[in-house]
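Those protein sequence lines, which keep their order, are chains Y and D. First residue of the first sequence: 131, per this note's numbering; consecutive thereafter. First residue of the second sequence: 131, per this note's numbering; consecutive thereafter. Even for Gly, the Cβ is constructed at its ideal location relative to N, Cα and C. Working notes, structure below.
Number of protein chains: 2
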Amino acid sequence: MKNSSAERSQDQDTWPPAQNKRQAILNAAADIFAEEGFAGASIDAIAVRAGVSRQTIYNQLGDKDNLFKVVVTEITERSTAGFFRVLDTFPVAPQDLEKELTEFSARLLRKAMCDPNGRWLRKLVETEGTRFPKLFETWKEYGPGKKYPAVAARLAQLALAGYLDLDDPALAARQYMALLGADLRIDQQLGRQTPESEIDQMAANATRTFLRAFARRH
Amino acid sequence: MKNSSAERSQDQDTWPPAQNKRQAILNAAADIFAEEGFAGASIDAIAVRAGVSRQTIYNQLGDKDNLFKVVVTEITERSTAGFFRVLDTFPVAPQDLEKELTEFSARLLRKAMCDPNGRWLRKLVETEGTRFPKLFETWKEYGPGKKYPAVAARLAQLALAGYLDLDDPALAARQYMALLGADLRIDQQLGRQTPESEIDQMAANATRTFLRAFARRH
DNA sequence: AATATTTTGGACACAATTGTCCAATTCGTC
DNA sequence: GACGAATTGGACAATTGTGTCCAAAATATT
Numbered sequence: 131m132k133n134s135s136a137e138r139s140q141d142q143d144t145w146p147p148a149q150n151k152r153q154a155i156l157n158a159a160a161d162i163f164a165e166e167g168f169a170g171a172s173i174d175a176i177a178v179r180a181g182v183s184r185q186t187i188y189n190q191l192g193d194k195d196n197l198f199k200v201v202v203t204e205i206t207e208r209s210t211a212g213f214f215r216v217l218d219t220f221p222v223a224p225q226d227l228e229k230e231l232t233e234f235s236a237r238l239l240r241k242a243m244c245d246p247n248g249r250w251l252r253k254l255v256e257t258e259g260t261r262f263p264k265l266f267e268t269w270k271e272y273g274p275g276k277k278y279p280a281v282a283a284r285l286a287q288l289a290l291a292g293y294l295d296l297d298d299p300a301l302a303a304r305q306y307m308a309l310l311g312a313d314l315r316i317d318q319q320l321g322r323q324t325p326e327s328e329i330d331q332m333a334a335n336a337t338r339t340f341l342r343a344f345a346r347r348h
Numbered sequence: 131m132k133n134s135s136a137e138r139s140q141d142q143d144t145w146p147p148a149q150n151k152r153q154a155i156l157n158a159a160a161d162i163f164a165e166e167g168f169a170g171a172s173i174d175a176i177a178v179r180a181g182v183s184r185q186t187i188y189n190q191l192g193d194k195d196n197l198f199k200v201v202v203t204e205i206t207e208r209s210t211a212g213f214f215r216v217l218d219t220f221p222v223a224p225q226d227l228e229k230e231l232t233e234f235s236a237r238l239l240r241k242a243m244c245d246p247n248g249r250w251l252r253k254l255v256e257t258e259g260t261r262f263p264k265l266f267e268t269w270k271e272y273g274p275g276k277k278y279p280a281v282a283a284r285l286a287q288l289a290l291a292g293y294l295d296l297d298d299p300a301l302a303a304r305q306y307m308a309l310l311g312a313d314l315r316i317d318q319q320l321g322r323q324t325p326e327s328e329i330d331q332m333a334a335n336a337t338r339t340f341l342r343a344f345a346r347r348h
């Protein structure tokens, strides 16, 4: 938990110095907001974790509301970008459907659903959604609003190609995602961070059940 | 949202007057904690919503930490009690499996997963789990720790009776619950409260997919 | 090496909140 | 109607957090 900022950061040394500190602030803010919620997060705590003076935060990012806004916006962008990057590897014309869909599921779990950005966002949406209505309208638009239809489209493609037997691709997409997230959510609720080693098993379980329900039978 | 305490309350008039106010406080506290998080919830706000003076809260329930503890404990008890009450109606020897399992799923959705208590708890666990470790250990013990095995046991019973084809009842239980919660979660994340009229459809969808995957074929 | 920019830390006013005390008041009960 | 208990509202100190100002120090730029 203390190094989740490290997971979120990327080659800081190559950035201009100002941006470097800015990133440190945003990462620290993301952590603290996630841990304490909006009301519980103090600017001082963020400053300490970022290794920066409190004044620098006000200089670079203005007041608390704006800091929160910037953080959410950045994480949203990274998160959805990551999701669609994985979605581009969806097996549209697989030779071994179960094998390739399982591998895809594992990628999705690892890079989109497990990753700290996405989890952090989901948590914040649940807690602060009512406080920043405008902010979360755009999140909804770019989050579930775009993700589920995109998954549904891929599944419909598989159905059309004769791999699957679907009468409602949108429903299938929701159920596929739900199956993928089944074990993940339980771990999260139990405060347990899913070990890397179990992800393949989770992907296999979800995919197997999904295909048992929807794979075209010959 | 303003009347979610009403949903949680039950025939207050029949209670002794002191307990009556106590319940009003607990209901209001549940709402405010859920909306604002622990840090963001002010005793004053709770007092106002409960229609009670701030002092009365301190008289009856002590400080903020204890108030929170009592609220979580009460909701936990109500929530798990409700869950197991529904679970007792599980169709162990159904004539029409899909029909009866669908009806059971609808009951579970309505009375256990949709209900404000459960949702409130899940939210609080995500946000304040780290702040009250002991409290949430007991929650985990009586929440997921007991619910999933109980569901697994019922499914195993169905499998043994020849209705289902399961090699891992525990996994099947997690997936069944995940399928049930699929649409629910999306609604929640979108800040949309699931309309009563859609619950039957959600139960039917989840049950149908579950049985497509696990019903024994003849 | 000189200059411009950013960062720092400390001081400050202001607002919100917690938890306590207490006298006045309301309420249920006899 | 009178008694006792609970409730109320207001005042209070202590704490915490926000956001600003500013001069000194560190850092980048030329």
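For Pro274 of chain D, the C-beta contacts it makes with chain Y under 8 Å involve Ile316, Gln319 and Leu320, in order along the chain.
In this structure, DSSP gives Leu294 of chain D an extended state, which the three-state scheme calls strand. In the three-state reduction of the DSSP assignment, Ala345 of chain Y falls in the strand class. Contact between Gly259 of chain D and Ser209 of chain D is absent: CB atoms are separated by about 16 Å, not below the 8 Å threshold. Phe198 of chain D and Lys253 of chain Y have their C-alpha atoms spaced approximately 20 Å apart. Three or more Cβ pairs closer than 8 Å define a contact, and the stretch 150-168 of chain Y meets that threshold against the stretch 163-176 of chain D. For Thr186 of chain D, the uninterrupted alpha helix (DSSP H) segment begins and ends at Arg184 to Leu191. Under a 10 Å Cβ-count criterion, Asp226 of chain Y is classified as exposed, with fewer than 16 other Cβ atoms of the shown protein chains found around its own Cβ. Residues of chain Y whose Cβ lies closer than 7 Å to the Cβ of Gln287 of chain D do not exist, since the nearest Cβ in that chain is about 20 Å away. With three or more CB-CB distances shorter than 8 Å, the stretch 320-340 of chain D counts as touching the stretch 228-245 of chain D. For Pro221 of chain D, there is no enclosing alpha helix (DSSP H), as DSSP marks it with neither H nor E. Residue-level contact check: Gly248 of chain D does not touch chain Y, since none of the beta carbons of chain Y fall below 9 Å from its beta carbon. C-alpha of Ala286 of chain D to C-alpha of Gly212 of chain D: approximately 22 Å in a straight line. What Lys270 of chain D touches in chain Y, judged by beta-carbon distance under 9 Å, is Gln319, Leu320 and Gly321, going in chain order. In this structure Gly292 of chain D is exposed. Its beta-carbon is surrounded by fewer than 16 other beta-carbon atoms within 10 angstroms.
For the stretch 294-317 of chain Y, the set of positions with a beta-carbon nearer than 7 Å to some beta-carbon of chain D reads Leu301, Arg304, Gln305, Ala308, Leu309, Gly311, Ala312, Asp313 and Ile316 in chain order. For Thr324 of chain Y, the three-state secondary structure derived from DSSP is coil. Around the beta carbon of Gln318 of chain D, 16 or more other beta carbons lie within 10 angstroms, which makes this residue buried. If you draw a straight line from the Cα of Phe340 of chain D to the Cα of Leu309 of chain Y, it comes to about 11 Å.
At a cut-off of 9 Å between C-beta atoms, Lys253 of chain D counts as an interface residue with respect to chain Y. Relative to Glu326 of chain D, the option among D:Ala282, D:Leu288 and D:Leu314 whose CA is nearest is D:Leu314. Here Phe214 of chain D is exposed. Its C-beta has fewer than 16 other C-beta atoms within 10 Å.
Close to chain D, meaning a Cβ-Cβ distance shorter than 8 Å, are the following residues of the stretch 154-183 of chain Y: Glu165, Glu166, Gly167, Phe168, Ala169 and Gly170.
Judged by beta-carbon spacing, Trp269 of chain Y lies within the 9 Å limit of Val255 of chain Y, meaning their Cβ atoms are closer than that value.
When secondary structure is reduced to three states using DSSP, Arg179 of chain Y falls in the helix class.
With its beta carbon less than 9 Å from one in chain Y, Gly259 of chain D belongs to the interface. Around the CB of Thr337 of chain Y, 16 or more other CB atoms lie within 10 Å, so the residue is classed as buried. The contact set of Glu233 of chain D on chain Y, defined by CB atoms closer than 9 Å, is empty, because the minimum CB distance reaches about 20 Å. Residue nearest to Glu267 of chain D within the set Y:Glu271, Y:Arg322 and Y:Lys151 is Y:Arg322 (criterion: CA-CA distance).
Counting only residues of its own chain and dropping the five nearest sequence neighbours on each side, Ala158 of chain D has a CB closer than 7 Å to the CB of Ser135, Ile176, Arg179 and Ala180.
Taking Ser235 of chain Y as the centre and dropping the five residues before and after it, the same chain places the C-beta of Leu310, Ala333, Ala336 and Thr337 closer than 7 Å to its C-beta, in chain order. Taking 9 Å as the CB threshold, Glu256 of chain Y lines the interface with chain D.
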